[in-house]
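Number of protein chains: 2
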Amino acid sequence: MNTTSTRLDATFAALADPTRRAILARLASGDATVNELAEPFAMTQPAISKHLKVLERAGLISRNRDAQRRPSRLEARRLAEASAWLDQYRQFWEASFARLDTVLKELQPKTARRGKPARR
Amino acid sequence: MNTTSTRLDATFAALADPTRRAILARLASGDATVNELAEPFAMTQPAISKHLKVLERAGLISRNRDAQRRPSRLEARRLAEASAWLDQYRQFWEASFARLDTVLKELQPKTARRGKPARR
Numbered sequence: 658m659n660t661t662s663t664r665l666d667a668t669f670a671a672l673a674d675p676t677r678r679a680i681l682a683r684l685a686s687g688d689a690t691v692n693e694l695a696e697p698f699a700m701t702q703p704a705i706s707k708h709l710k711v712l713e714r715a716g717l718i719s720r721n722r723d724a725q726r727r728p729s730r731l732e733a734r735r736l737a738e739a740s741a742w743l744d745q746y747r748q749f750w751e752a753s754f755a756r757l758d759t760v761l762k763e764l765q766p767k768t769a770r771r772g773k774p775a776r777r
Numbered sequence: 658m659n660t661t662s663t664r665l666d667a668t669f670a671a672l673a674d675p676t677r678r679a680i681l682a683r684l685a686s687g688d689a690t691v692n693e694l695a696e697p698f699a700m701t702q703p704a705i706s707k708h709l710k711v712l713e714r715a716g717l718i719s720r721n722r723d724a725q726r727r728p729s730r731l732e733a734r735r736l737a738e739a740s741a742w743l744d745q746y747r748q749f750w751e752a753s754f755a756r757l758d759t760v761l762k763e764l765q766p767k768t769a770r771r772g773k774p775a776r777r
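Just so you know, the protein sequences line up as chains A and B, in that order.
Take the position in the first sequence, starting the count at 1, then add 657; the result is the number in the numbering used here.
Take the position in the second sequence, starting the count at 1, then add 657; the result is the number in the numbering used here.
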């Protein structure tokens with residue numbers, strides 16, 4: 658089964674790791690081989706390969722099967738799906754930030770007043 | 658440590674489960690107790706409680722500690738953070754969808770032509 662829900666499970670699970678998010682960030686600047694990916698992360702190739710497998714199964718990257726170098730490529734559509742899911746809650750965080758903004762504005766005049774010469 | 662990276666780890670891990678996503682969707686329509694949450698999901702209260710703990714640790718919900726009913730409340734700020742992270746990749750999926758659009762447009766005239774009377 659490859660429903661939206663199972664895809665979201667795989668996408669979010671794959672994103673719940675700092676190395677895998679860093680790999681995606683690296684691939685955003687261009688395709689890279691396991692070698693090229695392993696270097697900046699100071700990780701062994703098998704460790705990177707494991708992460709790539711998780712990313713590939715989740716559909717977040719694709720790999721050239723034929724070429725010896727098998728460079729990995731970022732596939733952004735699953736990220737779009739995850740973003741669309743999160744977007745359902747946009748009204749909630751916007752309301753939350755608006756409330757924070759109100760609190761900050763209520764605090765501001767008091768702070769500003771401190772800077773003015775006191776009336777005695 | 659509560660850096661953006663560790664928060665994103667917890668947020669994405671919490672979202673990688675269909676029941677937890679469904680609980681958030683339910684809470685989007687109002688605060689709810691464990692009882693109220695357990696009913697529509699046909700799950701036991703302990704099972705729901707486990708999911709709520711994961712959501713709470715990730716900062717995706719808050720729970721009223723004092724009240725006996727301890728209703729859960731959606732906290733959307735961590736979702737905003739996850740959405741902002743995904744947004745870095747917007748240009749990639751938009752490019753990907755644009756390419757798909759081009760392919761579809763290239764296919765369209767052929768299909769449209771079929772509907773028109775053929776020139777003989």
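Just so it is clear, CB atoms sit at the ideal spot from N, CA and C, and this is done for glycine as well.
Bear in mind that the values here come from a model prediction, so they are computed numbers and not experimental data.
At a cut-off of 9 Å between beta carbons, A/Asp-674 contacts chain B.
Here the alpha carbons of B/Ala-739 and B/Leu-665 stand approximately 6 Å from one another. When the five nearest sequence neighbours on each side are left out, the beta carbons in the same chain lying within less than 7 Å of the beta carbon of A/Trp-742 are those of Leu-665, in order along the chain.
For B/Ser-662, the enclosing alpha helix (DSSP H) has its first and last residue at 661–672.
For the pair A/Ile-705 and B/Lys-707, the Cα-to-Cα distance works out to about 32 Å.
In the DSSP assignment, A/Arg-735 falls within the alpha helix (DSSP H) that extends over 734–744.
In the pairwise beta carbon analysis, the region 726–740 of chain B is classified as touching the region 689–697 of chain B: at least three pairs are separated by under 8 Å. Going by C-alpha positions, A/Ile-680 is about 14 Å away from A/Thr-701. Excluding the 5 residues flanking it on each side, B/Arg-677 has same chain C-beta neighbours closer than 7 Å at Ala-671, His-708, Val-711 and Leu-712, in chain order. Within chain A, the C-beta atoms nearer than 9 Å to that of B/Leu-743 come from Leu-672, Leu-736, Ala-737, Ala-739, Ser-740 and Leu-743, in chain order.
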